[in-house]
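Here my numbering is used: position 71 in the sequence shown is 96, and no number is missing along the way. Everything below concerns the one structure shown next.
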Amino acid sequence: AICMELLTRQGWSSAYGMESVILQISATLVKGKARIQFSASKNQYSLARAQQSFKSLVHIHEKNGWFTPPKEDG
Numbered sequence: 026a027i028c029m030e031l032l033t034r035q036g037w038s039s040a041y042g043m044e045s046v047i048l049q050i051s052a053t054l055v056k057g058k059a060r061i062q063f064s065a066s067k068n069q070y071s072l073a074r075a076q077q078s079f080k081s082l083v084h085i086h087e088k089n090g091w092f093t094p095p096k097e098d099g
């Protein structure tokens, strides 16, 4: 899962171009020290399960806030 406010209804803007979205995602993966959980279940990840996970993550961040890196980190 990619957890970014940019990808939510509240964080999205129709003014975003594809290139800027890709740059934001790649920066988040690098700065956030992205990792793959190889030990995770090998079961199929359905669209319904992905949507459920997304809603759950958004709810957690709406309740607790989104992490914003220091300005010197971009």
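By construction, the Cβ of each residue, glycine as well, lies at the ideal position given by its N, Cα and C atoms. As the structure is a prediction and not an experimental result, all values here were calculated from the model.
Helix or strand or just coil, what does DSSP make of Q35? coil
Do you know offhand how far E87's Cα is from W37's? 14 Å
Between which residues of its own chain and G99 is the CB-CB distance below 6 Å, once the five residues before and five after are set aside? Its pLDDT being 45, under 50, G99 is placed unreliably in this model, and the value from its coordinates should be taken loosely. Nothing meets the Cβ criterion.
What separation, rounded to the nearest whole angstrom, lies between the Cα atoms of L72 and S51? 23 Å
Starting from M43 and walking both ways along the alpha helix (DSSP H), at which residues does that stretch end? M43 to K56
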